[in-house]
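J.: Please find one structure pasted underneath; my questions will follow.
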Amino acid sequence: IAKFGKINLKFYVVGIFRTNGDGVCFSTGWSYSTCLQYHYVADQKTWTEAQTYCRQTYADLATIGNKEQNDQLLDTITSAGQSSEVWMGLYSTIDWRWSDGFSGVGANYSNWRSDQPDFYSANDLCVAVRNVWNTNNCKTNTEDRCTTDATIYFLYDTTKVLIIVFVDYIF
Numbered sequence: 205i206a207k208f209g210k211i212n213l214k215f216y217v218v219g220i221f222r223t224n225g226d227g228v229c230f231s232t233g234w235s236y237s238t239c240l241q242y243h244y245v246a247d248q249k250t251w252t253e254a255q256t257y258c259r260q261t262y263a264d265l266a267t268i269g270n271k272e273q274n275d276q277l278l279d280t281i282t283s284a285g286q287s288s289e290v291w292m293g294l295y296s297t298i299d300w301r302w303s304d305g306f307s308g309v310g311a312n313y314s315n316w317r318s319d320q321p322d323f324y325s326a327n328d329l330c331v332a333v334r335n336v337w338n339t340n341n342c343k344t345n346t347e348d349r350c351t352t353d354a355t356i357y358f359l360y361d362t363t364k365v366l367i368i369v370f371v372d373y374i375f
């Protein structure tokens, strides 16, 4: 209850909805992957630069919670004509976590290459994807990567959370 002058207001959360920018996708009983939209961005950036760009411009780096989402992400990469690795939102500080904080059902889904994660170097704490997931140096210099024809691109997820609140006026 909140007071506004002599009026008491009661706020009720009616539902939490996810939206893809074109309207509400789903609400109660929703499946997380119902309206995920992955977008390919052909800018060469380190993982941190890609994360910063996504957060400032869209939502965050891509989060994957199940095989369906992984397939959707791979389709996005293929449709863009991309054959090199692309950044996604998985990283490690000791345990693996998603850039956008996702920790719900499916947060432990993975599609690692058979020899991954290998932590080849101390900086192999970010994940890139090209069919399967691979640890990579978060500070990869894109110019260096260009010279080896392994430029790192990135994907982002534009889903947003919309909370609908019902207000009840009490006089």
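In terms of the working numbering, the sequence shown is residues 205 to 375. Positions of the beta carbon are idealized from the N, C-alpha and C atoms, including for glycine.
Skipping 5 residues on each side, what residues in its chain have a beta carbon closer than 6 Å to that of Phe306?
T.: Taking the first residue of the sequence shown as position 1, residue 306 is located at position 102. Thr267, listed in sequence order.
J.: Assign Thr339 to one of three DSSP states: helix, strand, or coil.
T.: If you number the sequence shown from 1, residue 339 lands on position 135. Reduced to three states, the DSSP call for Thr339 is strand.
J.: Report the residue from Thr261, Gly285, Val290 and Pro321 whose alpha carbon sits nearest the alpha carbon of Asn274.
T.: Counting from 1 along the sequence shown, the entry for residue 274 is found at position 70. It is Val290.
J.: With burial defined as no fewer than 16 other Cβ atoms inside 10 Å of the residue's Cβ, what is the status of Gln255: buried or exposed?
T.: The residue you call residue 255 lines up with position 51 of the sequence shown. Per the 10 Å Cβ criterion, buried.
J.: Taking C-alpha atoms, which residue in Asn335, Asn315 and Asp304 lies nearest to Gln260?
T.: To locate residue 260, count along the sequence shown from 1; it is residue 56. Among Asn335, Asn315 and Asp304, the Cα nearest to that of Gln260 is on Asp304.
J.: Which residues in the same chain as Trp337 place their Cβ atom closer than 6 Å to its Cβ, once the five residues preceding and following it in sequence are excluded?
T.: The sequence position of residue 337 within the sequence shown is 133, counting from 1. So the list reads Asn315, Trp316 and Val331, once near-sequence residues are dropped.
J.: Suppose you measure from the CA of Tyr295 to the CA of Ala246; what does that come to, to the nearest Å?
T.: For the purposes of this step, residue 295 is taken as the residue at position 91 of the sequence shown. For the purposes of this step, residue 246 is taken as the residue at position 42 of the sequence shown. Cα to Cα, the separation comes out at about 21 Å.
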